[in-house]
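Read left to right, the sequence shown gives residues 0 to 188 (numbering that gives the first Met the number 0).
Where a beta carbon is used, it is the ideal one built from N, C-alpha and C, also for glycine.
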Amino acid sequence: MESDTIAIDLDDTIADSSAIALEIIRKEYVPDASFEKWKYYSIEKSFGIAEVHARSICSRAWENPERIKLVDPSIPKVVDALRKTHNIYIVTATIGEESSFIPWLERKHVSFDKVLHVSNMAEKALLNKKHGIGFYIDDSQLVAESVAAAGRVALLLRKSWNADFFDSDRNKSIVKVRNWKEIGDFFMG
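Structure below.
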């Protein structure tokens with residue numbers, strides 16, 4: 000039986016933390032950095048920044064969570080509608096601390112049933128059996144591919160770092176969405 004639980008990624012699926020990360024990258028490393036140049040999920044690969052610095056950038060993006068905006072202002076409304084028929088789990092490998100992002104979710108009125116803070120992205124696909132997750136919403140192509148390979152429904156939210164994959168015909172088992180309206184339409188018709 001297909002689970003009614005939806006797992007939703009935090010960074011860049013709900014929280015626009017990459018906008019803050021990009022500010023840091025521009026200020027300290029690559030002055031002309033842009034989302035157009037952010038072609039890979041990896042900050043290291045996109046901008047030639049060492050991994051230790053990339054991790055620091057991601058961590059620092061959550062130091063002032065009040066600066067982080069929602070990816071889409073309709074997220075609270077869509078998630079509330081989904082919660083009428085599904086459990087909502089926030090599943091994240093964020094470097095940010097739960098003490099920063101859980102209150103942020105509450106302030107932004109993003110409701111959820113549980114938070115699963117995993118140590119890396121690969122762990123997300125492994126949560127299927129343990130937590131009965133049937134659907135994933137994420138911005139990572141690799142997570143979407145792993146989830147689809149495990150027989151679950153993956154919705155991939157379009158971002159600059161997954162645009163080449165998103166715009167291709169590869170892996171038709173992944174549902175490709177451009178915004179939260181399309182996510183709502185997928186579940187609620």
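Within the region 64-123, ranges of the alpha helix (DSSP H) (whole runs, at least 4 residues): Within the region 64-123, complete alpha helix (DSSP H) segments of at least 4 residues are found at 74-82 and 97-106, given in chain order.
With DSSP as the reference, identify every bridge partner of T189, one or two as the case may be. This structure gives no information on residue 189, because the portion of the chain shown stretches from 0 to 188.
Provide the residue span of the alpha helix (DSSP H) that contains I182, from first to last. For the purposes of this step, residue 182 is taken as the residue at position 183 of the sequence shown. Where I182 is concerned, the enclosing alpha helix (DSSP H) stretches over W179 to M187.
I'd like the span of the beta strand (DSSP E) that includes K175, first residue to last. Mapped onto the sequence shown, residue 175 falls at position 176. I173 to V176 is the span of the beta strand (DSSP E), which, as asked, contains K175.
When the distance is taken between beta carbons, is R151 closer than 8 Å to G131? Position 132 of the sequence shown holds residue 131. Position 152 of the sequence shown holds residue 151. No, the Cβ-Cβ distance between G131 and R151 is not below 8 Å.
What three-state label does DSSP hand V29 in the structure shown? Numbered from 1 along the sequence shown, position 30 holds the residue referred to as residue 29. Shown here, V29 sits in coil according to DSSP, grouped into three states, outside any helix or strand.
Secondary structure of F34, DSSP reduced to three states: Taking the sequence shown and counting its residues from 1, the one referred to as residue 34 is at position 35. F34: coil per DSSP, three-state reduction.
In or out: G95 buried (at least 16 other Cβ within 10 Å) or exposed? Working through the sequence shown from its first residue, we reach residue 95 at position 96. Label assigned to G95: buried.
Alpha carbon of A53 to alpha carbon of V70, nearest angstrom: As a working mapping, residue 53 is identified with position 54 in the sequence shown. As a working mapping, residue 70 is identified with position 71 in the sequence shown. For A53 and V70, the distance between alpha carbons rounds to 21 Å.
Could you compute how far the alpha carbon of E1 sits from the alpha carbon of E27? Taking the first residue of the sequence shown as position 1, residue 1 is located at position 2. Taking the first residue of the sequence shown as position 1, residue 27 is located at position 28. Interpretation of E1 is limited by its pLDDT of 48, a score under 50 that renders its predicted location unreliable; no figure is taken from the coordinates.
Provide the residue span of the alpha helix (DSSP H) that contains A147, from first to last. Within the sequence shown, numbered from 1, the residue matching residue 147 stands at position 148. From DSSP, the alpha helix (DSSP H) with A147 extends over Q140 to A148.
Is D163 helix, strand or coil when you go by DSSP? By 1-based counting over the sequence shown, the position of residue 163 is 164. DSSP places D163 within a helical segment (H, G or I) once states are collapsed to three.
Grab the span of the alpha helix (DSSP H) containing A153 for me, first residue to last. Mapped onto the sequence shown, residue 153 falls at position 154. Secondary structure note for A153: it is in no alpha helix (DSSP H), and the uninterrupted beta strand (DSSP E) holding it is V152 to L156.
Which residues in the same chain have their Cβ closer than 8 Å to the Cβ of S119, if we skip the five residues on either side of it in sequence? Taking the sequence shown and counting its residues from 1, one reaches residue 119 at position 120. The question names Ser, yet the displayed sequence has Asn at residue 119. For N119, the CB contacts under 8 Å within the same chain, skipping 5 residues up- and downstream, are A92 in chain order.
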